[in-house]
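Numbers 378 to 600, taken from the numbering used here, label the letters of the sequence shown in order. Data first, discussion second: the structure below is written as structure tokens.
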Amino acid sequence: MNRPVRATTAMQRAATRGAARARRRQGGFTLIEVLIAITLMALVSLLAYRGLSRVADTRAWLERDAADNAVIVRTLGQLERDLTLSNDGHNADNVAQPGQLLSGVDVDVEPGKPLQLEIVRTAPADDGSWQQVIWRINNGGLWRYTGKAGLQYPLPPAQGGAEVMANVVQLSVRFWIPGQGWVAPSANATGATGGRSASGIEVAFERNYNGVRERYTRVVVLR
């Protein structure tokens, strides 16, 4: 009569030990599983860091590029405005004076010296006064010099200057002569053009940017 009881007790003990082993297996991870989990987390963190780094680098590059484009646009815009408002103030017909290809615009070209673009334009106050403006390369950059406004000649010289673009290595100017084409400024430019006045002007400058030589040109039609 006692044998069935012992068999039942043995079965219960075996079931209890099996349940205990199952609980131990379910209660934690093996060392290999932990190492695999750590490795996966490290890979995910590395990928996330690289992604954020690339986003930050791209944003910084876009900001630098946008700032540089703004400098270019401002420089070309200011140059065009100076030329558009150019006049020597002596006449209302904007006719070039003797020795000039364009009224209010003169180019100083001397051997061994950087080209200098000299402009007489209406003053920003728009009160009938005139102002002298000079563009030239100085210390590896393109500079714009302005003088005080005046109502009569001689106008105050353009002395106060500021750099408008860095790393500029060359400044060049050409005049458009109707029926003849582009003419470079020279001491005998008016004689070479038969006394014709220019109807337009091209100003170009070159700069070194990130190891690349870049050229920017602005053509202004004046009449």
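Glycine included, C-beta positions come from ideal geometry on N, C-alpha and C. The structure displayed is predicted, hence computed values, not measured ones.
Residue i versus residue j - alpha carbon distance
i    : j    : result
R441 : V411 : 45 Å
D485 : Q557 : 22 Å
A581 : Q509 : 20 Å
W559 : I514 : 23 Å
Q547 : W512 : 12 Å
A414 : L424 : 15 Å
R431 : V450 : 28 Å
A437 : L519 : 25 Å
L479 : V598 : 11 Å
S422 : T407 : 23 Å
A419 : T435 : 24 Å
V448 : Y426 : 33 Å
Residues near residue i in its chain [Cβ-Cβ closer than 6 Å; skip 5 each side]
i    : result
L453 : R595
V545 : I514, G518, L519, F582 and R584
Limits of the beta strand (DSSP E) - the one that residue i falls within
i    : result
Y530 : It is not in any beta strand (DSSP E) - Y530 carries neither H nor E in the DSSP assignment.
Q547 : V545 to I554
R573 : Note, R573: premise wrong, no beta strand (DSSP E); not H, not E.
Q536 : Segment: none, Q536 is in no beta strand (DSSP E) and carries neither H nor E.
E495 : Q493 to T499
D504 : Counting along the chain, D504 falls outside any beta strand (DSSP E), and DSSP gives it neither H nor E.
Among the options, the one whose alpha carbon lies nearest that of residue i
i    : options                   : result
E487 : A447, S563, K525 and D434 : S563
G537 : L548, G481, V497 and Y522 : Y522
D445 : G489, I415 and A543       : A543
V497 : W520, S463, R431 and P491 : S463
R592 : E583, L599 and T461       : E583
N516 : R458, V541 and L456       : V541
Beta-carbon contacts of residue i that lie in its chain and below 7 Å, excluding the five residues immediately before and after
i    : result
A500 : S506, W507, Q508 and A526
Beta-carbon contacts of residue i that lie in its chain and below 8 Å, excluding the five residues immediately before and after
i    : result
I578 : L460, L479, V482, V550, R551, F552, W553, V596, V597 and L599
Practice problem: Mind the definition here: the region 538-552 touches the region 574-588 only if three or more C-beta pairs lie below 8 Å; say whether that holds. | Solution: yes
Exercise. Count the C-beta pairs between the region 585-593 and the region 529-541 that are closer than 8 Å, then say yes if the count reaches three, no if not.
Key: no
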